[in-house]
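Each residue of the sequence shown is one higher than the one before, starting from 2 at the first, in our numbering.
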Amino acid sequence: MSDTTAINNSNKNRSSTDIGAQPKSFLTTRDEQEEEQILQFNANEEPAPKMQGETNENNNNNGAQDTTSSGNIHLGSSGSCTSSSAIDEPLEYGGGLSQKETASSTGLNPEEELSIHRTATITSAAETQIAINRKLSHVLTGGNVDDEERIGVDYSGCLPMGGNRDYPPELPDRDQFEVTFDGPNDPLHPFNWPMKKKVILCVVLCLDCIGISMGSSIFGSAVLQICEIYDVIQVVAILGITLYVLGFAVSPVIYAPLSEIYGRRGVLVISAFAFCIFQFAVATAENLQTIMICRFFSGVIGSAPMAVVPAAFADMFDTNLRGKAICLFSLFVFVGPILSPVFGSYMAQRTTWRWLEYVVGIFAGVVFVLIVLFYEETHHPSILVNKAKQMRKQSNNWGIHAAHENVELSIKDIIQKTVTRPIFMLFTEPMLLIITIYNSFVYGILYLLLEAYPIVFVEGYGFIENGELPYIALIVGMLVCSFFIWYMDTDYLKRCAKKGGLVPEARLLLMILPSIFFPIGILWFCWTGNYPEKIHFMVPTVAGGFIGFGLIGIFLPCLNYIIESYLLLAASAVAANTFLRSGFGAVFPLFAGYMFHNLGIGWSGLVLGLFAAAMIPVPLLLYKYGAGIRRKSKLAYNG
Numbered sequence: 002m003s004d005t006t007a008i009n010n011s012n013k014n015r016s017s018t019d020i021g022a023q024p025k026s027f028l029t030t031r032d033e034q035e036e037e038q039i040l041q042f043n044a045n046e047e048p049a050p051k052m053q054g055e056t057n058e059n060n061n062n063n064g065a066q067d068t069t070s071s072g073n074i075h076l077g078s079s080g081s082c083t084s085s086s087a088i089d090e091p092l093e094y095g096g097g098l099s100q101k102e103t104a105s106s107t108g109l110n111p112e113e114e115l116s117i118h119r120t121a122t123i124t125s126a127a128e129t130q131i132a133i134n135r136k137l138s139h140v141l142t143g144g145n146v147d148d149e150e151r152i153g154v155d156y157s158g159c160l161p162m163g164g165n166r167d168y169p170p171e172l173p174d175r176d177q178f179e180v181t182f183d184g185p186n187d188p189l190h191p192f193n194w195p196m197k198k199k200v201i202l203c204v205v206l207c208l209d210c211i212g213i214s215m216g217s218s219i220f221g222s223a224v225l226q227i228c229e230i231y232d233v234i235q236v237v238a239i240l241g242i243t244l245y246v247l248g249f250a251v252s253p254v255i256y257a258p259l260s261e262i263y264g265r266r267g268v269l270v271i272s273a274f275a276f277c278i279f280q281f282a283v284a285t286a287e288n289l290q291t292i293m294i295c296r297f298f299s300g301v302i303g304s305a306p307m308a309v310v311p312a313a314f315a316d317m318f319d320t321n322l323r324g325k326a327i328c329l330f331s332l333f334v335f336v337g338p339i340l341s342p343v344f345g346s347y348m349a350q351r352t353t354w355r356w357l358e359y360v361v362g363i364f365a366g367v368v369f370v371l372i373v374l375f376y377e378e379t380h381h382p383s384i385l386v387n388k389a390k391q392m393r394k395q396s397n398n399w400g401i402h403a404a405h406e407n408v409e410l411s412i413k414d415i416i417q418k419t420v421t422r423p424i425f426m427l428f429t430e431p432m433l434l435i436i437t438i439y440n441s442f443v444y445g446i447l448y449l450l451l452e453a454y455p456i457v458f459v460e461g462y463g464f465i466e467n468g469e470l471p472y473i474a475l476i477v478g479m480l481v482c483s484f485f486i487w488y489m490d491t492d493y494l495k496r497c498a499k500k501g502g503l504v505p506e507a508r509l510l511l512m513i514l515p516s517i518f519f520p521i522g523i524l525w526f527c528w529t530g531n532y533p534e535k536i537h538f539m540v541p542t543v544a545g546g547f548i549g550f551g552l553i554g555i556f557l558p559c560l561n562y563i564i565e566s567y568l569l570l571a572a573s574a575v576a577a578n579t580f581l582r583s584g585f586g587a588v589f590p591l592f593a594g595y596m597f598h599n600l601g602i603g604w605s606g607l608v609l610g611l612f613a614a615a616m617i618p619v620p621l622l623l624y625k626y627g628a629g630i631r632r633k634s635k636l637a638y639n640g
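Below, the structure written as structure tokens:
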């Protein structure tokens, strides 16, 4: 075996994808004999030319690394990089070579090395150190391998390098330069961040979600003014809500893949800023067409948190806390549309409709500042990319990289994975279709209530300034159900531990009680609200608590069940759910007014209540037969 072959073999044998498990030194081999061969090989090399000659030689060394730092680079045994500005210290790699060994490994004999350090000026010493670093980098990256001894490199058919240069030699195995997290306790991993830091991030993300969801329904308080100012019927003005919610369907198509490629932070920052801009555009619009167009784009651009925030929570929390975090997300998504009409009606009565949009725009601006100041990247691959960039800057070793830096996403991939696949899954997976229809119906009821409550309490009970206060009962019901699910999540974790893995069907047990309360609340609200002259307004108001309990109690377990039933394809499954759910939420407000006025409040409630009651067996049937259906599916999780 030749010396150069020994170098190649030793480089190939050293591969590790774990930062914590890297060899102590790039020059350390598996046995002392190989190390002696390397040192002997480097000792026999000609001394590096000095000063002016160095530049010419390095121009011909295509595989060498251009190091511009005048200080020494120290790579510790843990793989961390530090710079030293002391020129007269020996160049150390992990195990710590002596000055004599260093001189041998760099091609300079000890006398030359000592002479340079004694007589050179600061400038010449720095240039000499650069020569040493370049020479060593040339050896480490395979620059001394003869052409006939290159292995695994085929340049046939390749374009020329340019500049009359030869093709570069073979490089060491890329895997040994790939950064990873330093074990399960790496402080860089979001799972190991301090809880205080996670709480701050959760607050910022939840504020972002509630701002987007508030923007969807606050326009309802401006409908009467829009009808009067622009002389249109009510259903035309309600298009401002429909177009906004319809924009939510875009979030899993655009923002989910973008956040997986470029990280969560960039997507959230751009979305928050653009949403703020379009809200002000709505507020300053001079005609109805501009209002509707800007409302649509506000929904499209602002919907990023709907897809990115659940993923960010999954980045930060393990299985024990992930369910609770998603519960918090769902609560803010549902509370926003119910909360905004409460203060929106007061503002609309005392000022113009434009201030409703200004308030949401100002809130979005505050959230944008909070995201910029406090949100730190949580996407695991993106964190490793930043780590690799930092290590390259510290060590000047261009070979250090993260696996995610090579990931690309084409237009074909976006169409296939985020549009075609979700639609295919929706119509070929019966389990997904049934649970999505149930989830979408519940989401549609949320926006239908925005039209039903004013009909009952303003037109029926004669509330003028307090017509939206009964919405508070809905919020109370949602809060109670959130605490219920939070508590029951512990029972779910126990079931998973007992089964030795995920049990998606166990999530459905949480739906049984809310699925019963939901139709009861709808029938109670509509039939008691149908007789305002005989029944006190508090009776239909209390019914809102049961409806709110059912809204959260059905939506959240459905979402968790979909995610855990399609682990590897969860993004596509959730995208399919979001498509249909957003469609229901956009359409329901359009026919709500006609239905309640033409059928009557009581009979409209009967239709909705019976449909909700017909869905009660869904969680029971899926709990019993869901595991068998998943085993027959080619796409579902069968662990």
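Note that CB positions come from ideal geometry on N, CA and C, so glycine has one too.
Pair within 7 Å by beta-carbon distance, residue i and residue j
{"i": "Phe335", "j": "Ile553", "result": "yes"}
{"i": "Ser218", "j": "Pro306", "result": "no"}
{"i": "Ser583", "j": "Ala250", "result": "yes"}
{"i": "Asn441", "j": "Phe585", "result": "The residue asked about is misnamed: residue 441 is Ser in this sequence, not Asn. Yes, these two residues count as a Cβ contact at 7 Å."}
{"i": "Met512", "j": "Pro558", "result": "yes"}
{"i": "Ala315", "j": "Gly212", "result": "no"}
{"i": "Leu240", "j": "Met293", "result": "yes"}
{"i": "Val283", "j": "Glu358", "result": "yes"}
{"i": "Tyr562", "j": "Pro505", "result": "yes"}
{"i": "Glu469", "j": "Ser346", "result": "yes"}
{"i": "Phe375", "j": "Ile234", "result": "no"}
{"i": "Ile644", "j": "Gly216", "result": "Only positions 2 to 640 of the chain appear in this structure, which leaves residue 644 out of reach."}
{"i": "Ala223", "j": "Trp356", "result": "no"}
{"i": "Phe428", "j": "Gly362", "result": "no"}
C-alpha distance - residue i paired with residue j, whole-angstrom precision
{"i": "Val268", "j": "Lys198", "result": "20 Å"}
{"i": "Pro170", "j": "Trp399", "result": "16 Å"}
{"i": "Val481", "j": "Pro471", "result": "16 Å"}
{"i": "Gly248", "j": "Phe298", "result": "7 Å"}
{"i": "Gly601", "j": "Ser214", "result": "29 Å"}
{"i": "Val254", "j": "Ser304", "result": "11 Å"}
{"i": "Glu377", "j": "Ala403", "result": "19 Å"}
{"i": "Ser634", "j": "Leu509", "result": "19 Å"}
{"i": "Pro515", "j": "Val343", "result": "25 Å"}
{"i": "Arg632", "j": "Met432", "result": "12 Å"}
{"i": "Asp187", "j": "Asn193", "result": "7 Å"}
{"i": "Gly108", "j": "Tyr156", "result": "The predicted position of Gly108 is uncertain, since its pLDDT is 48 and thus under 50; a value taken from the coordinates is nonetheless stated next. Roughly 30 Å between the two C-alpha positions."}
{"i": "Thr370", "j": "Asn387", "result": "Reading off the sequence shown, one finds Val at residue 370, where the question assumed Thr. Taking the straight line joining both Cα atoms gives about 22 Å."}
{"i": "Leu259", "j": "Ser383", "result": "12 Å"}
{"i": "Asp183", "j": "Ile564", "result": "28 Å"}
{"i": "Lys418", "j": "Met426", "result": "11 Å"}
{"i": "Thr291", "j": "Gly264", "result": "32 Å"}
{"i": "Ala507", "j": "Glu287", "result": "53 Å"}
{"i": "Cys677", "j": "Asp232", "result": "With the chain covering only 2 through 640, there is no way to say anything about residue 677."}
{"i": "Ile630", "j": "Ala308", "result": "27 Å"}
{"i": "Asn12", "j": "Pro173", "result": "Below a pLDDT of 50, predicted positions are generally treated as unreliable, and Asn12, at 43, falls in that range; the measurement from the model is reported next regardless. Going by the C-alpha atoms only, they are around 6 Å apart."}
{"i": "Lys25", "j": "Leu160", "result": "At Lys25, the pLDDT of 37 sits below 50, so the modelled position is not reliable; the number obtained from the coordinates is stated separately. Each residue's alpha carbon lies about 38 Å from the other."}
{"i": "Ile302", "j": "Arg351", "result": "30 Å"}
{"i": "Ala205", "j": "Ala312", "result": "Before going further, note that residue 205 is Val rather than Ala in the sequence given. Cα to Cα, Val205 sits roughly 15 Å from Ala312."}
{"i": "Val237", "j": "Glu460", "result": "20 Å"}
{"i": "Ser331", "j": "Val588", "result": "21 Å"}
Endpoints, alpha helix (DSSP H) assigned at residue i
{"i": "Cys203", "result": "196 to 218"}
{"i": "Arg296", "result": "289 to 303"}
{"i": "Cys527", "result": "513 to 530"}
{"i": "Asn321", "result": "320 to 351"}
{"i": "Ala282", "result": "265 to 284"}
{"i": "Asp490", "result": "472 to 500"}
{"i": "Pro431", "result": "431 to 454"}
{"i": "Gly1", "result": "Nothing can be reported for residue 1, as the shown portion of the chain is limited to 2 through 640."}
{"i": "Cys228", "result": "224 to 231"}
{"i": "Thr379", "result": "Element bounds for Thr379: n/a, residue is neither H nor E."}
{"i": "Val246", "result": "240 to 247"}
How about the segment 307 to 326 and the segment 530 to 543: do they share at least three Cβ pairs that are nearer than 8 Å?
Too few Cβ pairs lie closer than 8 Å, so no.
Taking 8 Å as the cut-off, does the segment 498 to 518 touch the segment 571 to 578 (at least 3 CB pairs, one atom from each stretch)?
No contact exists between the segment 571 to 578 and the segment 498 to 518.
Every unbroken alpha helix (DSSP H) within the segment 537 to 623, with a cutoff of 4 residues, ordered by chain:
Scanning the segment 537 to 623 from its first residue to its last, the whole alpha helix (DSSP H) runs of 4-plus residues come out as 539 to 566, 571 to 599, 602 to 615.
Any 3 or more C-beta pairs closer than 8 Å across the segment 619 to 635 and the segment 427 to 440
Three or more beta-carbon pairs drawn from the segment 619 to 635 and the segment 427 to 440 are found closer than 8 Å, and the two stretches are therefore classed as touching.
Contact the segment 607 to 615 vs the segment 476 to 491: 3+ CB pairs below 8 Å:
Fewer than three pairs of CB atoms, one per stretch, sit closer than 8 Å, so the segment 607 to 615 makes no contact with the segment 476 to 491.
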